[in-house]
Ligand code: BGC
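Residue numbers (mature numbering (1 follows the signal peptide of the UniProt record, and there is no 0)): -23 to -1, 1 to 394.
Have a look at this one:
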């Protein structure tokens, strides 16, 4: 018996040797801390650990990631960045210019990233022609989340236009519900503003405003209308919205206290975590007036230069896992997003994800696919921050003038360029 157990121990230890030789530590900075987001992030942790590596969680709470980015800058300045950090869009170029990012070309070549990713996505992940980040998913920002039971009780209809949105909101309010569940934080105000801008300006002018930062569009009549509509919308949120987290706002819709939420599809992670079924317990519809268009928000992990070879191996394994089919399916089902790989079978995804993939492909072909400003895809975080300041100040000031706000928007963007 003793001999057998000694033998078993020896065999077990031997089986660990190849692991031990390559086991590294991978520290990952992210802000996936809500109940639903955490379930998704845990998938990554488990898959990294299954390869024998140690996962060091560097989670910084705060939706939209502003707090996480501040902490990352402090760590980088002190010469101690993590192995990987959720950095998105044009900011990847800024970190690349600082010379802090490492390249993932070998993994990318082995896994054929150039073939699997749409070229717009691949370009964002590259600095100077080298892959320096791995894309995790594609989130869509222009969604409206609805509790159908609450809508039915209020006699409201899912809206397809902005006018219908306000008609539905009036009915919900009259029936005693919170019409629009909102969290009063700058990035959430910015998300709602972005959806209104997408609907009112349309995809081409949305791009002119936030990618090209065209002054005529930023100060034009349509932008004034965006601010005026944002003001109107303020009348449909509740008095306790200030400071509320986005997932708490989602909770109000899930629990039947509110009728709808304007939010990107990470909101779905909360519905999924609560055991609710898309198309039955809740509906996802394109934000009114943006049907057929898609404001994208791609989560990605940028990789920092590391000295230790084992940690470097762990970092490469992390990238390989993220682009793998298994991770892309499990993570995205929990996160609310769709896979970034274009070769995935979507049949086991829910109806919201299937609609999202269909619209993504359609929008890519008709000019409707545009980068989200509120989620760091259209411009640098400096421009994003400047827009948030103007929008939040406007949203919280009952006397603010929409025309003046459009002028301020253009001036604030100009100042940080
Ligand atoms: C990120 C999502 C995240 C959301 C809320 C967005 O900017 O892209 O991954 O779930 O913020 O924190």
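Backbone N, C-alpha and C define an ideal beta-carbon position, used for all residues, glycine too.
From the DSSP output, read off the bridge partner residues of residue 2.
For the purposes of this step, residue 2 is identified with residue 25 of the chain shown, where counting begins at 1. Answer is 31, bridged to residue 2.
Which residues mark the beginning and the end of the alpha helix (DSSP H) in which residue 359 is found?
The residue given as residue 359 occupies position 382 in the chain shown. Note, residue 359: alpha helix (DSSP H), 358 to 372.
Identify whether residue 390 lies in helix, strand or coil by the three-state DSSP scheme.
On the chain shown, residue 390 is found 413 positions in, with the first residue counted as 1. Reduced to three states, the DSSP call for residue 390 is helix.
Given this structure, state the Cα-to-Cα distance separating residue 128 from residue 136, to the nearest angstrom.
The sequence position of residue 128 within the chain shown is 151, counting from 1. The sequence position of residue 136 within the chain shown is 159, counting from 1. Their Cα atoms are separated by approximately 11 angstroms.
Given 7 angstroms as the limit, tell me if residue 43 has its C-beta closer than that to any heavy atom belonging to ligand 1.
As a working note, residue 43 is residue 66 in the chain shown. No.
So what does DSSP say about residue 335, is it helix, strand or coil?
One-based indexing of the chain shown puts residue 335 at position 358. Note: residue 335 maps to helix in three-state DSSP.
Beta-bridge partners of residue 239, as assigned by DSSP:
Along the chain shown, read from residue 1 onward, the residue named residue 239 stands at position 262. According to DSSP, which records beta bridges pairwise, residue 239 is partnered with 121.
Assigned secondary structure, residue 94 (DSSP; H/G/I helix, E/B strand, else coil)
By 1-based counting over the chain shown, the position of residue 94 is 117. Secondary structure at residue 94: coil, using DSSP grouped into helix, strand and coil.
Those residues which DSSP pairs with residue 273 across a bridge
Along the chain shown, one-based indexing puts residue 273 at 296. Paired residue(s): 117 and 348.
Given residue 144, which residues of its chain have a CB within under 8 angstroms of its CB, disregarding the five upstream and five downstream residues?
If you number the chain shown from 1, residue 144 lands on position 167. The answer, listed in chain order, is 133, 134 and 136.
So for residue 280, helix, strand or coil by DSSP?
On the chain shown, residue 280 is found 303 positions in, with the first residue counted as 1. The answer is strand: DSSP assigns residue 280 an E or B state.
Which listed residue (282, 362 and 270) has its alpha carbon closest to that of residue 343
Locating residue 343 in the chain shown gives position 366, where the first residue counts as 1. Among 282, 362 and 270, the Cα nearest to that of residue 343 is on 270.
Is the CB-CB distance between residue 3 and residue 292 below 8 angstroms?
Position 26 of the chain shown, counted from the start, is the residue given in the question as residue 3. Position 315 of the chain shown, counted from the start, is the residue given in the question as residue 292. Yes, these two residues count as a Cβ contact at 8 angstroms.
Can you list, in chain order, the residues of its chain with a C-beta nearer than 8 angstroms to that of residue 337? Leave out the 5 residues immediately preceding and following it.
Here residue 337 refers to the residue found at position 360 of the chain shown. Same-chain partners within the cutoff: 115, 117, 271, 273, 315 and 346.
The region 151 to 159 touching the region 303 to 314, judged by at least three CB pairs closer than 8 angstroms:
Segments in contact, no.
Same chain, Cβ closer than 7 angstroms to residue 250, five either side skipped, listed in chain order:
Residue numbering aside, residue 250 sits at position 273 when the chain shown is read from its first letter. Excluding positions up to five away in sequence, the list reads 12, 13 and 16.
Give a single yes or no on whether residue 72 has its beta carbon closer than 7 angstroms to a heavy atom of ligand 1.
Locating residue 72 in the chain shown gives position 95, counting from the first residue. No, the beta carbon of residue 72 sits no closer than 7 angstroms to any heavy atom of ligand 1.
Given residue 339 as reference, the closest of 297, 267, 7 and 44 once Cα atoms are compared
By 1-based counting over the chain shown, the position of residue 339 is 362. For residue 339, the nearest C-alpha among the options comes from 267.
By Cβ distance below 6 angstroms, which residues in the same chain neighbour residue 214 in space, the five residues on each side in sequence not counted?
In the chain shown, counting from the first residue as 1, residue 214 sits at position 237. Hits under 6 angstroms: 157 and 159.
Residue 314, enclosing alpha helix (DSSP H) - first and last residue
Position 337 of the chain shown, counting from 1, holds the residue named residue 314. For residue 314, no alpha helix (DSSP H) run applies, since DSSP gives it neither H nor E.
Can you name, in chain order, every residue of its own chain whose Cβ lies under 7 angstroms from the Cβ of residue 24, other than the five neighbours on each side?
Here residue 24 is taken as the residue at index 47 of the chain shown, counted from 1. 298 and 304, listed in sequence order.
State the DSSP-derived secondary structure class of residue 219, mapped to helix, strand or coil.
Indexing the chain shown from 1 puts residue 219 at position 242. The answer is strand: DSSP assigns residue 219 an E or B state.
With respect to the beta strand (DSSP E) encompassing residue 400, which residues constitute its N-terminal and C-terminal limits?
Outside the modelled stretch of the chain, which goes from -23 to 394, sits residue 400, for which no answer is possible.
Given 8 angstroms, three or more beta-carbon pairs between the region 358 to 378 and the region 162 to 169:
Yes, the region 358 to 378 touches the region 162 to 169.
Among 369, 294, 278 and 334, which residue has its Cα nearest to the Cα of residue 62?
Looking up residue 62 in the chain shown gives position 85. Of the candidates 369, 294, 278 and 334, the residue whose Cα lies closest to the Cα of residue 62 is 278.
Does the separation of the CB atoms of residue 172 and residue 124 fall below 8 angstroms?
Counting from 1 along the chain shown, the entry for residue 172 is found at position 195. Counting from 1 along the chain shown, the entry for residue 124 is found at position 147. No. Outside cutoff.
Starting from the N-terminal side, write out each stretch of the alpha helix (DSSP H) that is 4 residues or longer and does not extend beyond the region 52 to 107.
68 to 74, 82 to 88, 90 to 93 and 96 to 102
I'd like the list of long-range same chain contacts for residue 393, defined as Cβ closer than 7 angstroms, with 5 residues on each side in sequence excluded.
Residue mapping note: residue 393 aligns to position 416 of the chain shown, counting from 1. The residues are 359, 360 and 363.
Below 7 angstroms, is the gap between the Cβ of residue 159 and the nearest heavy atom of ligand 1?
By 1-based counting over the chain shown, the position of residue 159 is 182. Not under cutoff, so the answer is no.
When you measure from the CB of residue 248 to every non-hydrogen atom of ligand 1, does any distance come out below 7 angstroms?
Taking the first residue of the chain shown as 1, we reach residue 248 at position 271. No, the beta carbon of residue 248 sits no closer than 7 angstroms to any heavy atom of ligand 1.
Run the proximity test for residue 40: is its beta-carbon closer than 7 angstroms to any non-hydrogen atom belonging to ligand 1?
As a first step, residue 40 must be located in the chain shown, where it is residue number 63. Checking the Cβ of residue 40 against ligand 1 gives yes.
Name the one or two DSSP bridge partners that residue 261 has.
Position 284 of the chain shown holds residue 261. Per DSSP, 122.
Extent of the continuous alpha helix (DSSP H) run through residue 251
Taking the chain shown and counting its residues from 1, the one referred to as residue 251 is at position 274. Run containing residue 251: none; DSSP gives neither H nor E here.
Could you tell me whether the region 362 to 382 touches the region 199 to 207, where touching means 3 or more Cβ pairs closer than 8 angstroms?
yes
Does the structure place the region 347 to 356 close enough to the region 181 to 200 that three or more beta carbon pairs sit under 8 angstroms?
Taking 8 angstroms as the limit for Cβ pairs, the verdict is that the region 347 to 356 does touch the region 181 to 200.
Please classify residue 349 as buried or exposed, where buried requires at least 16 other C-beta atoms within 10 Å of its C-beta.
In the chain shown, counting from the first residue as 1, residue 349 sits at position 372. Residue environment analysis places residue 349 among the buried positions, since at least 16 neighbouring C-beta atoms fall within 10 angstroms of its C-beta.
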